[in-house]
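Participant: If you read the sequence shown in our numbering, its first letter stands for residue -9, the second for the next number, and so on.
First the structure, then my questions, so here it is.
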Amino acid sequence: MIERVKFGLVGFGTGGRVFHAPLIASAANIDFVGVVTTSEERQAQVAAELPGVETFASIADLAAAGVQAVAISTPAATHAALAVEAIEAGLAVVVDKPFALTADDARKLVTTAEEAGVPLTVYQNRRWDSDLLTIKRLVEKGSLGEVKRFESRMERWAPDRLPGAAGGGTLLDFGSHLVDQALQLHGPVSRVFAEVHGPDGGLDDDFFVALHHTGGVESHLWGSWRQAGPGPRFRVTGTAGTFISPELDYQETLLKAGKTPALLGDRWGVEPEHRWGHLFKGATGAPVESCRGRWDTFYPAVAQAVAGNAPLPVDPWDSVRAMEILDAARTSARTGTTVEV
């Protein structure tokens, strides 16, 4: 028998509705109990899209309904306070990225959870992107030789769309993923340089961050809402070759189209051949079959951890370290200097 965990979701905006609810509902070891939202429009969406899932006015009401864990997908500025509220209610917590607004806030949150003995993790779903998993496989096989430079981009052309306050600005929103992926692949960072741009009085909408890893790799990270000619999603250069992956992982497209792991089964996360990356060993490149993207494994792993049968899929201290780098990036952009971390 599968040990099932009762789960709730806090927030049903784009993040909660598109990136969390379908994956929670698809997990075989989760009973999706309810969603916290006070918006009548979103309550109606829950009723239409998630039959049998109730809506609640607060985390306290979710706890009273018997949930054991909650995922928080609300504006970034509310993450820490809502996570503390859930921890105080004795609930295991998944916090969407950005984990918090600063490293200090993130550190306090992890310490609070540890002192309460409550599981806390962060929704770093892009650790299970198809292209990132493919890069890991190539590195492990030695196909790239010794990696020297790692280039990673999340760039879009939407000049009329200002970054929403919910994400905390593009550096926090996109940067939370890009920095986490760089740390996962290449390890600790010793110095940071950044350029961050945005409209006067608004949140940043374009950034570049350079990381020097203690192991010698240089990571160059870009995020933008105003890039009319986006570069490749990844370009990874080593002593034996270069791998280029052109587009963002396909799982986001599937979720936005209403597809879920429950609907697609083993077809979930499989990249079409025309989206595969290429490995270059000189002037010509050969296609590399993409690993299957596996965002669908995150929530089952969280449920296993809540049941006491496995570790959490993302150590929250990893996100504290990522927030330290993002803090350093903001300092670097403000001062025009390289910042030691």
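Just so it is clear, CB atoms sit at the ideal spot from N, CA and C, and this is done for glycine as well.
Determine the extent of the beta strand (DSSP E) in which aspartate 86 is found, giving its start and end residues.
Facilitator: Run containing aspartate 86: 82 to 86, per the beta strand (DSSP E) assignment.
Participant: Determine the closest residue to alanine 50 out of His69, Glu75 and Ala34, with distance taken between C-alpha atoms.
Facilitator: Glu75
Participant: Ignoring anything shorter than 3 residues, give me the beta strand (DSSP E) runs that lie fully in the stretch 184 to 232, in order along the chain.
Facilitator: Those beta strand (DSSP E) runs which fall completely within the stretch 184 to 232 and span 3+ residues are 196 to 203, 208 to 214 and 224 to 228.
Participant: For the beta strand (DSSP E) containing glycine -2, list its first residue and its last residue.
Facilitator: -5 to 0
Participant: Where in the stretch 233 to 276 do unbroken runs of the beta strand (DSSP E), each at least 3 residues long, occur, reported from the N-terminal end onward?
Facilitator: The stretch 233 to 276 contains these whole beta strand (DSSP E) runs: 267 to 270.
Participant: Spell out the partners DSSP gives leucine 103 in its beta bridges.
Facilitator: With the sequence shown as reference, residue 103 is identified as alanine, and leucine is not the correct amino acid for it. None; alanine 103 has no bridge partner.
Participant: Alpha carbon to alpha carbon, what distance is there between proline 109 and leucine 302?
Facilitator: 8 Å
Participant: Say whether chain C places a C-beta atom closer than 9 Å to the C-beta of alanine 106.
Facilitator: Here chain C cannot be found, since the structure has a single protein chain.
Participant: Considering only residues of the same chain and omitting the five flanking positions on each side of glycine 205, which have a CB-CB separation below 7 Å?
Facilitator: Counting only Cβ-Cβ distances below 7 Å, and skipping sequence neighbours, we find His176 and Gly177.
Participant: By DSSP's criteria, threonine 111 is part of a beta bridge. Which residues make up the other side?
Facilitator: Val84
Participant: If you reduce the DSSP assignment to three classes, tell me which class valine 292 lands in.
Facilitator: helix
Participant: Is valine 36 helix, strand or coil when you go by DSSP?
Facilitator: helix
Participant: Would proline 189 be called buried (16 or more neighbouring beta carbons within 10 Å of its own) or exposed?
Facilitator: exposed
Participant: Using 8 Å as the Cβ pair cut-off and three pairs as the minimum, do the stretch 207 to 218 and the stretch 108 to 127 touch?
Facilitator: no
Participant: Just to confirm before moving on: does the CB-CB distance between leucine 161 and alanine 293 stay below 9 Å?
Facilitator: No, the pair does not count as a contact, with Cβ atoms beyond the cut-off.
Participant: Pull the bridge partners of tryptophan 147 from the DSSP assignment, please.
Facilitator: In the DSSP assignment, tryptophan 147 forms a beta bridge with Arg216.
Participant: Taking Cβ to Cβ, would you say phenylalanine 2 is nearer than 9 Å to isoleucine 14?
Facilitator: no
Participant: Of all the options Gly24, Ala59, Ala17 and Ala34, which has the alpha carbon lying nearest to the alpha carbon of valine 296?
Facilitator: Ala59
Participant: Do the CB positions of alanine 184 and alanine 323 come within less than 9 Å of each other?
Facilitator: Contact flag set, yes.
Participant: Please go through the same chain and pick out, in chain order, the residues whose beta-carbon is closer than 7 Å to the beta-carbon of lysine -4, but skip the five residues on each side of it.
Facilitator: These residues qualify, in order along the chain: Asp21, Val23, Gly56, Val57 and Gln58.
Participant: According to the neighbour-count rule (16 or more other Cβ atoms, all chains shown, within 10 Å of its Cβ), is isoleucine -8 buried or exposed?
Facilitator: exposed
Participant: For glutamate 44, list the residues DSSP reports as bridge partners.
Facilitator: Gly24
Participant: Among the residues of its own chain, which have a CB less than 6 Å from the CB of proline 251, if the five just before and after it don't count?
Facilitator: Ser16, Trp258 and Asp286
Participant: Quick one, which of Leu52, Gln217 and Gly248 has its alpha-carbon nearest threonine 150's?
Facilitator: The amino acid occupying residue 150 in the given sequence is aspartate; threonine does not appear at that position. Nearest to aspartate 150 by alpha-carbon distance, out of Leu52, Gln217 and Gly248, is Gln217.
Participant: Glycine 107 and serine 63 look like a contact to me (Cβ under 8 Å); what is the Cβ gap, rounded to whole Å?
Facilitator: That belief does not hold up - the Cβ atoms of glycine 107 and serine 63 are roughly 24 Å apart, past 8 Å.
Participant: Taking the CB atoms as reference points, tell me whether valine 137 and glycine 228 lie closer together than 9 Å.
Facilitator: yes
Participant: Am I right that valine 304 and threonine 111 are in contact with their C-beta atoms under 8 Å? What's the rounded C-beta distance?
Facilitator: 5 Å
Participant: Of all the options Arg116, Arg(-6), Ala93 and Glu279, which has the alpha carbon lying nearest to the alpha carbon of methionine 144?
Facilitator: The shortest C-alpha separation from methionine 144 is found at Arg116.
Participant: Quick check on this structure: which residue in Gly231, Gly(-2), Thr325 and His10 has the alpha carbon closest to the alpha carbon of threonine 274?
Facilitator: Gly231
Participant: Would you kindly work out how many angstroms separate the C-alpha atoms of alanine 276 and serine 214, rounded to a whole number?
Facilitator: 29 Å
Participant: For the ligand SAM, I want to know if aspartate 163 counts as a neighbour, meaning its beta carbon is within less than 8 Å of at least one of the ligand's heavy atoms.
Facilitator: Absence of the ligand SAM is noted for the structure shown, with no ligands found whatsoever.
Participant: Using the C-alpha atoms, what's the distance from histidine 10 back to glycine 248?
Facilitator: 12 Å
Participant: Roughly how many whole angstroms lie between the Cα atoms of alanine 90 and alanine 70?
Facilitator: 6 Å
Participant: Count the other C-beta atoms from every protein chain shown that fall within 10 angstroms of the C-beta of alanine 34, then say buried if there are 16 or more, exposed otherwise.
Facilitator: exposed
Participant: Contact check, threonine 45 vs methionine 313 under 8 Å by CB: the rounded distance?
Facilitator: Not a contact, Cβ separation roughly 31 Å.
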